[in-house]
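Engineer: Sending over a structure as structure tokens; questions will come in a sec.
2 protein chains.
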Amino acid sequence: MKQITKYVIKNSLKRIFLYRACLVRLRMMGVERVFSYTLGNETGVTPDQVRKDFSEFSIKGNKRGGYEIDELLSTMESIFHRNKDHNIVLVGMGNMGQSLSKYSRFVQRNMNIVATFDIDPFKQKMRSDIPVYTMNRLKEIIDRFKVKVAIVAVPEISAQEVTDELIRHGIKGIINFAPVLLKVPPEIVVNNVNLSDELESVIYYVHNLLKADGQKNIEYYTRL
Amino acid sequence: MKQITKYVIKNSLKRIFLYRACLVRLRMMGVERVFSYTLGNETGVTPDQVRKDFSEFSIKGNKRGGYEIDELLSTMESIFHRNKDHNIVLVGMGNMGQSLSKYSRFVQRNMNIVATFDIDPFKQKMRSDIPVYTMNRLKEIIDRFKVKVAIVAVPEISAQEVTDELIRHGIKGIINFAPVLLKVPPEIVVNNVNLSDELESVIYYVHNLLKADGQKNIEYYTRL
DNA sequence: CGTATTTTGTGATTTGTTTCACATCAAAAT
DNA sequence: ATTTTGATGTGAAACAAATCACAAAATACG
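Heads up: the protein sequence lines correspond to chains A and B, in order.
Sequence positions in the first sequence follow the numbering used here and run 1 to 224.
Sequence positions in the second sequence follow the numbering used here and run 1 to 224.
Below, the structure is given as structure tokens:
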């Protein structure tokens with residue numbers, strides 16, 4: 001039973017990511033504790049919102065002493081299942097795929113691309129730290145590395161087909177760089193990243209801001 | 001007066017992008033008109049929502065006859081200022097920057113990267129369709145091509161510095177791939193794209209969905 | 001030509017999210 | 001030991017977004 005089910009990161013979760021990035025930075029600078037006020041200032045979020053978000057994820061602070069950063073970070077790690085490593089497969093070693101396969105920040109966050117796949121046999125001879133396989137080894141790799149999440153970076157035309165195959169072999173979550181809406185069963189999580197849309201939306205905002213001439217005309221965009 | 005002002009694409013605008021992508025596909029398949037019901041089905045949005053969104057952007061259809069796709073698309077083009085070309089600069093020719101410089105979908109949508117910049121003189125000798133310059137030619141290029149929007153794909157550490165320089169030379173909108181929150185004046189539009197966060201959120205959802213075991217536990221994510 | 005049908009367009013209602021306001025607690029000061 | 005201070009945590013209020021429901025319009029059909 002295939003259908004379109006797009007999940008969108010909830011704003012509160014997006015902000016938790018934001019807080020974490022900020023906390024990591026503060027911690028490296030030697031800071032040990034933060035107040036909702038500090039963290040809010042640093043992330044462009046109101047202190048109320050910070051506390052509400054923490055409340056949603058049952059994160060507790062000290063009534064006067066604020067939040068201890070180390071504690072906050074380890075709570076967040078467990079929220080995000082960052083304790084363990086996560087094995088990922090990447091399908092499509094074109095321009096974007098190759099770049100993603102080298103993207104070091106995934107590794108920094110314990111997300112390891114264990115293998116990549118491409119139909120082009122030429123790509124398979126490419127020198128690369130991560131092996132490039134044909135699609136027929138997909139099942140083997142997914143099983144061996146207990147892979148649950150895949151990156152789809154194939155051309156638009158083959159995205160659905162690849163997705164179907166991934167799901168058939170046990171993939172539960174997909175981040176999709178192809179500009180198509182994938183049809184998947186409702187229990188499968190899909191996160192679409194469309195770089196053209198992102199860039200185009202900046203252009204759109206710039207034009208409409210310029211028209212409104214400095215005056216903050218918050219009509220078609222909202223503040224996170 | 002620098003501050004953190006993150007703009008997030010409003011959901012209705014995101015959906016307009018979605019509709020457009022879908023309409024382009026339908027048009028290529030020879031379809032000439034759609035109903036809110038059809039379009040909604042195709043995009044995973046309720047028909048009501050489709051009509052509400054169109055209403056927000058003052059897009060009109062024909063009572064009973066639905067919407068003519070060509071007309072819809074041309075209305076959207078003018079909403080998105082797609083009539084004219086848009087010149088973009090890209091700063092940072094590392095892994096991600098190189099990939100973005102070759103990203104053909106930007107060109108397909110009239111968004112042209114006219115020049116790229118990198119501090120590394122070695123990168124400047126790289127063979128590439130788009131010229132790679134040193135940062136000191138930034139102003140010249142921005143003025144010559146009337147560039148309003150920039151892509152920031154530099155390492156975290158230099159992102160703020162680069163951003164300041166871009167704004168000083170007249171850039172009004174930035175799409176930022178560095179995982180930092182840029183501090184900018186309120187009239188500047190920043191759109192942050194954080195690929196690690198996007199991937200990590202998929203992992204998060206997958207884990208929490210699996211825990212809920214098939215039952216759609218829509219707690220930390222929402223349907224668009 | 002008039003009636004039935006289908007689909008839009010939009011107020012009214014519901015649902016969800018953010019901001020406000022203040023009780024509560026912990027630490028510091030007296 | 002008591003008061004003051006400064007922060008959290010969370011219901012209540014305000015605001016925003018999505019859904020509902022139905023009037024209005026265009027077409028089809030008898």
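C-beta atoms are modelled at their ideal positions from N, C-alpha and C, and glycine is treated no differently.
Indicate the three-state DSSP secondary structure (helix, strand or coil) for M126(A) in the structure shown.
Structural biologist: The residue labelled residue 126(A) in the question sits at position 126 within the first sequence. M126(A): coil per DSSP, three-state reduction.
Engineer: I need the boundaries of the beta strand (DSSP E) containing N112(B), first residue and last residue.
Structural biologist: Against the second sequence, residue 112(B) aligns to sequence position 112. Residues M111 to F117.
Engineer: In chain A, which residues lie with their C-beta within 8 Å of the C-beta of D48(B)?
Structural biologist: Looking up residue 48(B) in the second sequence gives position 48. Simply none; closest approach about 16 Å.
Engineer: Between the segment 135-158 of chain A and chain B, which residues of the former have a C-beta closer than 8 Å to a C-beta of the latter?
Structural biologist: Within the segment 135-158 of chain A, the residues whose Cβ lies closer than 8 Å to some Cβ of chain B are K148, V149 and I151, listed in chain order.
Engineer: Short of 8 Å in beta carbon distance, which residues of its chain neighbour G188(B), apart from the five on each side in sequence? Order them along the chain.
Structural biologist: Here residue 188(B) is taken as the residue at index 188 of the second sequence, counted from 1. Sequence check: residue 188(B) is Ile here, not Gly. Cβ within range, chain order: T5, I167, I171, K172, G173 and I174.
Engineer: Under 9 Å, CB to CB, which of the residues in the segment 120-132 of chain B have a partner in chain A?
Structural biologist: Result list empty, no residue passes.
Engineer: Tell me which same chain residues have a C-beta within less than 6 Å of the C-beta of S12(A), skipping the five on either side of it?
Structural biologist: Position 12 of the first sequence, counted from the first residue, corresponds to residue 12(A). Result list for S12(A): D53 and E56, in chain order.
Engineer: My output table needs one value for E68(B): the three-state DSSP class, helix, strand or coil.
Structural biologist: In the second sequence, the residue the question calls residue 68(B) occupies position 68. In the structure shown, E68(B) sits in a strand (DSSP, three-state: E or B).
Engineer: Between the segment 111-131 of chain B and the segment 79-90 of chain B, do three or more beta carbon pairs fall short of 8 Å?
Structural biologist: Contact between the segment 111-131 of chain B and the segment 79-90 of chain B is present, because at least three Cβ pairs lie under 8 Å.
Engineer: Could you give the C-beta distance for K102(B) and N95(A), rounded to a whole number, given that I count them as a contact under 8 Å?
Structural biologist: As a position in the second sequence, residue 102(B) is number 102, starting the count at 1. As a position in the first sequence, residue 95(A) is number 95, starting the count at 1. About 5 Å separates the two Cβ atoms, so the contact holds.
Engineer: Leaving out the 5 sequence neighbours to the left and right, which residues in its chain are closer than 7 Å to V162(B) when beta-carbon positions are compared?
Structural biologist: On the second sequence, residue 162(B) is found 162 positions in, with the first residue counted as 1. So the list reads V91, V152 and V154, once near-sequence residues are dropped.
Engineer: To the nearest angstrom, report how far apart S158(B) and L181(B) are at their CA atoms.
Structural biologist: Locating residue 158(B) in the second sequence gives position 158, counting from the first residue. Locating residue 181(B) in the second sequence gives position 181, counting from the first residue. If I take the Cα positions, the gap works out to 12 Å.
Engineer: Count the other C-beta atoms from every protein chain shown that fall within 10 angstroms of the C-beta of V107(A), then say buried if there are 16 or more, exposed otherwise.
Structural biologist: If you number the first sequence from 1, residue 107(A) lands on position 107. V107(A) should be labelled exposed.
Engineer: Express the C-alpha separation of M76(B) and L72(A) in angstroms, rounding to a whole number.
Structural biologist: Here residue 72(A) refers to the residue found at position 72 of the first sequence. Here residue 76(B) refers to the residue found at position 76 of the second sequence. Roughly 44 Å between the two C-alpha positions.
Engineer: For a test of the three-state rule: what should DSSP assign to I175(B), helix, strand or coil?
Structural biologist: As a first step, residue 175(B) must be located in the second sequence, where it is residue number 175. Of the three classes helix, strand and coil, the one that applies to I175(B) here is strand, per DSSP.
Engineer: On the DSSP bridge assignment, give the partners of A153(B) in chain order.
Structural biologist: Here residue 153(B) refers to the residue found at position 153 of the second sequence. According to DSSP, which records beta bridges pairwise, A153(B) is partnered with nothing at all.
Engineer: Could I get the ranges of all uninterrupted beta strand (DSSP E) runs contained in the segment 50-107 of chain A, with 3 residues as the minimum, in chain order?
Structural biologist: Runs of the beta strand (DSSP E) inside the segment 50-107 of chain A: 86-91.
Engineer: For R144(B), count neighbouring Cβ atoms within 10 angstroms of its own Cβ and tell me buried if that reaches 16, exposed if not.
Structural biologist: Translated into positions along the second sequence, residue 144(B) becomes position 144. Exposed.
Engineer: What does L195(A) touch in chain B if you count any residue whose Cβ is under 9 Å from its own?
Structural biologist: The residue labelled residue 195(A) in the question sits at position 195 within the first sequence. The contacting residues are L100, Y103, R105, F106, I175 and V193.
Engineer: On a Cα-Cα basis, can you pick out the residue from S74(A), E140(A), K84(A) and P121(A) that is closest to R27(A)?
Structural biologist: By one-based count along the first sequence, residue 27(A) stands at place 27. Minimum Cα distance to R27(A) is reached at S74(A).
Engineer: Which same chain residues end up closer than 7 Å to Y67(A) when comparing Cβ atoms and leaving out the 5 residues on each side of it in sequence?
Structural biologist: As a first step, residue 67(A) is located in the first sequence; it is residue number 67 there, counting from the start. So the qualifying residues of the chain are R33, V34 and G61.
Engineer: Strictly under 9 Å for the Cβ-Cβ distance: is E198(B) near chain A by that measure?
Structural biologist: By one-based count along the second sequence, residue 198(B) stands at place 198. It does: the Cβ of E198(B) has a partner Cβ on chain A nearer than 9 Å.
Engineer: Locate the beta strand (DSSP E) running through N191(A), then write down its first and last residues.
Structural biologist: Taking the first residue of the first sequence as position 1, residue 191(A) is located at position 191. Element bounds for N191(A): V189 to N192.
Engineer: Would you call the CB atoms of D129(B) and M111(B) closer than 9 Å?
Structural biologist: On the second sequence, position 129 is the one that residue 129(B) refers to. On the second sequence, position 111 is the one that residue 111(B) refers to. Cβ atoms of D129(B) and M111(B): not closer than 9 Å.
Engineer: Straight-line CA distance for T38(A) to K183(B)?
Structural biologist: Your numbering for residue 38(A) matches position 38 in the first sequence. Your numbering for residue 183(B) matches position 183 in the second sequence. Going by the C-alpha atoms only, they are around 15 Å apart.
Engineer: Can you find the residues in the same chain that come closer than 7 Å, C-beta to C-beta, to L18(B), ignoring five residues on each side of it along the sequence?
Structural biologist: As a working note, residue 18(B) is residue 18 in the second sequence. Result list for L18(B): T43, in chain order.
Engineer: Cα-Cα, which of E200(A), E156(A) and V190(A) is closest to Y204(B)?
Structural biologist: Against the second sequence, residue 204(B) aligns to sequence position 204. It is V190(A) whose Cα lies nearest to the Cα of Y204(B).
Engineer: Between the Cα of N136(A) and the Cα atoms of R127(A), V149(A) and P121(A), which residue gives the shortest distance?
Structural biologist: Here residue 136(A) refers to the residue found at position 136 of the first sequence. The shortest C-alpha separation from N136(A) is found at P121(A).
Engineer: Go ahead and pull the three-state DSSP assignment for V180(B).
Structural biologist: Counting from 1 along the second sequence, the entry for residue 180(B) is found at position 180. Here V180(B) sits in coil by DSSP.
Engineer: For R20(B), which residues of its own chain have a beta-carbon under 6 Å away from its beta-carbon, when the five flanking residues on both sides are left out?
Structural biologist: Stepping through the second sequence from its first residue, residue 20(B) is reached at position 20. Closer than 6 Å at Cβ, skipping near neighbours: M76.
Engineer: Assuming V193(B) contacts V149(A) (C-beta within less than 8 Å), just tell me the rounded distance between them.
Structural biologist: As a working mapping, residue 193(B) is identified with position 193 in the second sequence. As a working mapping, residue 149(A) is identified with position 149 in the first sequence. Actually they do not touch by this definition, with Cβ atoms about 19 Å apart.
Engineer: How would you list, in chain order, the residues of chain B whose beta-carbon sits under 7 Å from the beta-carbon of R109(A)?
Structural biologist: Start at 1 with the first residue of the first sequence, and residue 109(A) comes out as number 109. The contacting residues are S196 and E200.
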